[in-house]
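For the sequence shown, my numbering begins at 1071 and goes up steadily by one. Where is the CB? At the ideal position from N, CA and C, for every residue including glycine. Reading through the structure tokens given below for one structure.
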Amino acid sequence: MQNVHITRRVFIDMTPAQWAMYDIAGAAKAAREINRLIENIVNSTNERRVAILRIDEVLRQYANYGVDDTEGRVAASALIEHLFPTPLRVR
């Protein structure tokens, strides 16, 4: 639609448990950093596919905390779906 502008600002405060992180030293700090990085990603793009690729990089970067495992990826997928819902297809 022309001349309509929608802006949003996303804030993420997920805990290490919500990220399914390993219970190891530094997990709380890593969760805060992951939250910050993903906030920057989703606040800088409106494109779901771009966000997915960039969030994937973050998860790999913090793999030693377990966020690159199945449970962490499930949390990231839920977050992506919440922030970038898949549009319903109308027949």
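Within the stretch 1114-1159, the complete alpha helix (DSSP H) runs of at least 4 residues fall at 1118-1131 and 1140-1153. By the criterion of a C-beta distance shorter than 7 Å, L1107 is surrounded in its chain by V1128, once the five residues flanking it on both sides are discounted.
Under the 10 Å beta carbon count, I1076 is surrounded by fewer than 16 other beta carbons and is classified as exposed. Secondary structure of A1087 (DSSP, three-state): coil. Cβ-Cβ distances below 7 Å link I1122 to I1150 in the same chain, with the five nearest sequence neighbours on each side left out; the list follows chain order. Here A1098 is exposed: its Cβ has fewer than 16 other Cβ atoms, across all protein chains shown, within 10 Å.
Nearest C-alpha to P1157 among R1118, R1130, V1137 and E1141: R1118. For I1104, the three-state secondary structure derived from DSSP is helix. A direct Cα-to-Cα measurement between Y1132 and A1101 gives close to 9 Å.
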